[in-house]
Amino acid sequence: MEVLKKMLKDLRKSKKLSQKKVAKAIGINKDTLRNIESGKSSLNAECIPILSKLYETSENDILKIYLSDRSDLNE
């Protein structure tokens, strides 16, 4: 989760988007997004397409890190 949380936070900040705006776009509250970015909660994979559009990045880039972090949790 370390890589994913940092990536998501860095992408959001680079696009100058607030947590409130991103949370609203993916259908969660700001506190949940804060928890995802701090590693306290997991990202729902269904949010990846929306995040990739918001952050103007490839779904595959986010998905690779998401899956890598998930496999690290299972080890």
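First residue of the sequence shown? That's -15 in the numbering used here, and the numbers climb one at a time after it.
Ideal placement from N, C-alpha and C gives every residue a C-beta, glycine not left out.
Because the structure is a prediction, the values reported are computed rather than measured.
Item                                                                                        : Value
Residues near I49 in its chain [Cβ-Cβ closer than 8 Å; skip 5 each side]                    : V(-13), L(-12), M(-9)
Three-state class that DSSP yields for L47 in the structure shown                           : helix
N-terminal and C-terminal residue of the alpha helix (DSSP H) that E(-14) is part of        : -14 to -2
Alpha-carbon to alpha-carbon, I20 and S26                                                   : 6 Å
Close beta carbons around L17, own chain, < 8 Å, minus the five adjacent residues each side : Q3, V6, A7, I10
CB of L(-5) within 8 Å of CB of T41, strictly                                               : yes
K(-1) to L35 span [Cα, whole Å]                                                             : 11 Å
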